[in-house]
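Enquirer: Just so we're aligned, residue 36 is where the sequence shown starts under the numbering used here, counting upward by one.
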Amino acid sequence: MSKKIASVRGMNDVLPEQTPLWQWLEQRARTVLAAYGYREIRMPIVERTELFARGIGEVTDIVEKEMYTFEDRSGDSLTLRPEGTAGCVRAAEEHGLLYNQTQRLWYTGPMFRHERPQAGRYRQFHQIGVETFGMEGPDIDAEVILLTARLWKDLGLADQVTLELNTLGDPDDRARYRDALVAFLREHRERLDEDSKNRLERNPLRVLDSKDPGTREVLQDAPRLADHLGDAARDHFEQLKALLEAAGVDYVINPNLVRGLDYYGRTVFEWTTDALGAQGTVCAGGRYDGLVQQLGGKPTPAVGFGMGLERLVLLLEKQGQELPGPVAIYITAMGEVQARALTLAEHLRDALPGVGIQCHCGGGGFKSQMKKADRSGAGYALILGEDEVAAGQVTVKPLRGQDEQQQLNQNEVADWLAARLHEGY
Ligand code: ATP
Ligand code: MG
Numbered sequence: 036m037s038k039k040i041a042s043v044r045g046m047n048d049v050l051p052e053q054t055p056l057w058q059w060l061e062q063r064a065r066t067v068l069a070a071y072g073y074r075e076i077r078m079p080i081v082e083r084t085e086l087f088a089r090g091i092g093e094v095t096d097i098v099e100k101e102m103y104t105f106e107d108r109s110g111d112s113l114t115l116r117p118e119g120t121a122g123c124v125r126a127a128e129e130h131g132l133l134y135n136q137t138q139r140l141w142y143t144g145p146m147f148r149h150e151r152p153q154a155g156r157y158r159q160f161h162q163i164g165v166e167t168f169g170m171e172g173p174d175i176d177a178e179v180i181l182l183t184a185r186l187w188k189d190l191g192l193a194d195q196v197t198l199e200l201n202t203l204g205d206p207d208d209r210a211r212y213r214d215a216l217v218a219f220l221r222e223h224r225e226r227l228d229e230d231s232k233n234r235l236e237r238n239p240l241r242v243l244d245s246k247d248p249g250t251r252e253v254l255q256d257a258p259r260l261a262d263h264l265g266d267a268a269r270d271h272f273e274q275l276k277a278l279l280e281a282a283g284v285d286y287v288i289n290p291n292l293v294r295g296l297d298y299y300g301r302t303v304f305e306w307t308t309d310a311l312g313a314q315g316t317v318c319a320g321g322r323y324d325g326l327v328q329q330l331g332g333k334p335t336p337a338v339g340f341g342m343g344l345e346r347l348v349l350l351l352e353k354q355g356q357e358l359p360g361p362v363a364i365y366i367t368a369m370g371e372v373q374a375r376a377l378t379l380a381e382h383l384r385d386a387l388p389g390v391g392i393q394c395h396c397g398g399g400g401f402k403s404q405m406k407k408a409d410r411s412g413a414g415y416a417l418i419l420g421e422d423e424v425a426a427g428q429v430t431v432k433p434l435r436g437q438d439e440q441q442q443l444n445q446n447e448v449a450d451w452l453a454a455r456l457h458e459g460y
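Here it is in structure tokens:
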């Protein structure tokens, strides 16, 4: 036998036992997005490397050390997308979606980052992302946050997540703050961790993000961005907080929330949970008014977020989310009745659209067929033997609940099942 080939580290298969939960999550998200009038956009998984270098920022973890970059056969440098925002802006700009109009867009799919794999952190992971364009007021910031809050409620996760909120101010505010922060951090340089020493010179705001206990202690006395805000950014933030309060969405202000990407300004937010250890952020986003211009377009206000589906699936698994299986009706076929079993199954599929009907294939005795019926998770087994076929009948055996087994005419069985399935059997 030749050697088996394993999957790539950090890139997971989603097995049939797990896909129902994924589908359920994705379906709920689609429903919520539709309820807010958001439209789906689909971008390629591969983009030109320079899009991410310019869009995300050269001095970020993603661009410095996490991207899957390769040269294709024409010698172009391409990258597997590490996030969706840059590609979405590229696509929207390329197809004129940002010209004199507002957009509310969403997308979903795999993202790729070469990180150290651990629970909740993978090299291929999946996001649902939202990007809105052309709206500069805090109302749209509030709307995208309300949308996520509604999704947590629909998923039954509302009591497990906390909204953390901050403002990064406008570019001038940040420049002034950056000077104050750098001056302060230089004074305490020897107490910072190595990463933070590096960032101090190259991307000082990211030091605020540090998880190092020593650095965190230094940061307690650091100057605050909140004290360097201009009037415009301050007003925007105050209005956003008032809108969230009016809508009954709780939040906590986290002055150290700066996000790992360069393109954010003003609003930043994260939804975090205590239930997943260090990988606690399930959704992260904010305002990025400068990005469209940075990528060659006209100045365009923009707000968006990305949520990590693996982390949400982990949360849903923890809460033991119950889901209906794919098979509601299992037809067993004993003896020379395959033709009738298959046509009965087709008849039922016509009559009961959307209901999962599995017809036994591959023969076997009554016991083993009934075992398979039970294992399929079906609510009903339809038993078809030579006697039943001769009499134009079928035996219906409820596999869950209290109903009695009974004989029905084959032409009545669809109506009988429709009535029960409607009640959710
Ligand atoms: P983290 O601080 O956890 O590294 P991030 O700031 O790099 O997250 P974003 O780029 O904002 O993450 O991506 C948005 C969301 O995508 C995250 O909040 C998280 O839920 C998810 N995510 C990011 N990286 C990964 C990964 N490697 N594996 C699984 N999910 C991820
Ligand atoms: Mg990261």
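Cβ atoms here follow ideal geometry from the backbone N, Cα and C, with glycine treated the same way.
Answer yes or no: the CB of residue 247 versus the heavy atoms of the ligand MG, is any distance below 7 Å?
Expert: Every heavy atom of the ligand MG is 7 Å or more from the Cβ of residue 247, so no.
Enquirer: Looking at the strands, I want to know which residues DSSP matches up with residue 335.
Expert: DSSP output for residue 335 lists no bridge partner at all.
Enquirer: Leaving out the 5 sequence neighbours to the left and right, which residues in its chain are closer than 6 Å to residue 55 when beta-carbon positions are compared?
Expert: Excluding sequence neighbours, residue 55 sits near 358.
Enquirer: Would you kindly work out how many angstroms separate the C-alpha atoms of residue 425 and residue 373, rounded to a whole number?
Expert: 13 Å
Enquirer: Mind checking whether the beta-carbon of residue 96 lies closer than 7 Å to any heavy atom of the ligand MG?
Expert: yes
Enquirer: Looking at C-beta atoms only, is the number of pairs between the region 376-393 and the region 359-368 that lie closer than 8 Å three or more?
Expert: yes
Enquirer: Taking only three categories from DSSP, how would you classify residue 161?
Expert: strand
Enquirer: Residue 67 and residue 182 - do their beta-carbons sit closer together than 8 Å?
Expert: yes
Enquirer: Three Cβ pairs or more, each shorter than 8 Å: is that satisfied between the region 163-181 and the region 254-261?
Expert: Output reads no: the region 254-261 does not touch the region 163-181.
Enquirer: For residue 250 versus residue 216, is the C-beta distance shorter than 8 Å?
Expert: Between residue 250 and residue 216, the C-beta gap is not smaller than 8 Å, which leaves the two residues out of contact.
Enquirer: Quick check: is any heavy atom of the ligand ATP less than 7 Å from the C-beta of residue 144?
Expert: no
Enquirer: How long is the line joining the alpha carbons of residue 460 and residue 439, rounded to whole angstroms?
Expert: For residue 460, the predicted structure reports a pLDDT of 47, less than 50, and the residue's modelled location is therefore unreliable. The matter cannot be settled from this model.
Enquirer: Apply the 10 Å Cβ neighbour rule to residue 180 and answer buried if 16 or more other Cβ atoms are within range, or exposed otherwise.
Expert: The residue is buried, with at least 16 neighbouring Cβ atoms inside 10 Å.
Enquirer: Measuring alpha carbon to alpha carbon, tell me which residue in 410, 158, 369, 411 is nearest residue 397.
Expert: 369
Enquirer: Does the beta-carbon of residue 329, which I'm using as the reference point, lie nearer than 7 Å to any heavy atom of the ligand ATP?
Expert: no
Enquirer: Does residue 108 pass the burial test, meaning 16 or more other C-beta atoms within 10 Å, or should it be called exposed?
Expert: With fewer than 16 other Cβ atoms within 10 Å, it is exposed.
Enquirer: Counting only runs of 4+ residues fully inside the region 112-160, write out the alpha helix (DSSP H) ranges in chain order.
Expert: 120-129
Enquirer: Looking at the unbroken alpha helix (DSSP H) that takes in residue 415, where does it start and where does it end?
Expert: It is not in any alpha helix (DSSP H) - residue 415 instead sits in the beta strand (DSSP E) that spans 415-419.
Enquirer: My parser needs the alpha helix (DSSP H) runs of 4 or more residues fully inside the region 403-456; what are they?
Expert: Taking only runs of at least 4 residues, the alpha helix (DSSP H) segments lying wholly in the region 403-456 are 421-426.
Enquirer: Is the distance from the Cβ of residue 420 to the Cβ of residue 445 below 8 Å?
Expert: Judged by beta-carbon spacing, residue 445 lies beyond the 8 Å limit of residue 420, meaning their Cβ atoms are not closer than that value.
Enquirer: On the CB-based measure, 16 or more other CB atoms within 10 Å of its CB, does residue 312 come out buried or exposed?
Expert: exposed
Enquirer: Excluding the 5 residues flanking residue 143 on each side, which residues of the same chain have their C-beta closer than 6 Å to its C-beta?
Expert: 163
Enquirer: What is the DSSP secondary structure of residue 366, counted as helix, strand or coil?
Expert: strand
Enquirer: Could you compute how far the alpha carbon of residue 318 sits from the alpha carbon of residue 339?
Expert: 10 Å
Enquirer: Going by alpha carbons, who is nearest to residue 443 out of 449, 86, 388, 429?
Expert: 429
Enquirer: Taking DSSP's pairing of strands, which residues face residue 306 in a bridge?
Expert: 198, 318
Enquirer: Does the Cβ of residue 218 have 16 or more other Cβ atoms within 10 Å, making it buried, or fewer, making it exposed?
Expert: Under this definition residue 218 is an exposed residue.
Enquirer: Should residue 156 be listed as close to the ligand ATP, given that the test is whether its C-beta is under 7 Å from any heavy atom?
Expert: At least one heavy atom of the ligand ATP is nearer than 7 Å to the Cβ of residue 156, so yes.
Enquirer: Note down, in chain order, each residue of its chain lying with its Cβ closer than 7 Å to the Cβ of residue 117, except the 5 sequence neighbours on either side.
Expert: 87, 97, 101, 102, 146, 147, 148
Enquirer: Where residue 113 and residue 151 are concerned, what is the direct C-alpha to C-alpha distance, given to the nearest angstrom?
Expert: 22 Å
Enquirer: Note down, in chain order, each residue of its chain lying with its Cβ closer than 8 Å to the Cβ of residue 81, except the 5 sequence neighbours on either side.
Expert: Closer than 8 Å at Cβ, skipping near neighbours: 113, 114, 115, 116.
Enquirer: By how many angstroms is the C-alpha of residue 187 removed from the C-alpha of residue 453?
Expert: 32 Å
Enquirer: Tell me whether residue 53, by its Cβ, gets closer than 7 Å to a heavy atom of the ligand ATP.
Expert: No, the Cβ of residue 53 stays beyond 7 Å of every heavy atom of the ligand ATP.
Enquirer: Closer than 8 Å by C-beta to residue 44: which residues in its own chain qualify, once you throw out the five before and the five after it? Chain order, please.
Expert: Apart from the 5 residues on each side of it in sequence, residue 44 sits with its Cβ closer than 8 Å to the Cβ of 152, 158 in its chain, given in chain order.
Enquirer: Rounded to whole angstroms, what is the Cα-Cα separation between residue 170 and residue 213?
Expert: Their backbone Cα atoms lie some 27 Å apart in a straight line.
Enquirer: Does the Cβ of residue 175 have 16 or more other Cβ atoms within 10 Å, making it buried, or fewer, making it exposed?
Expert: buried
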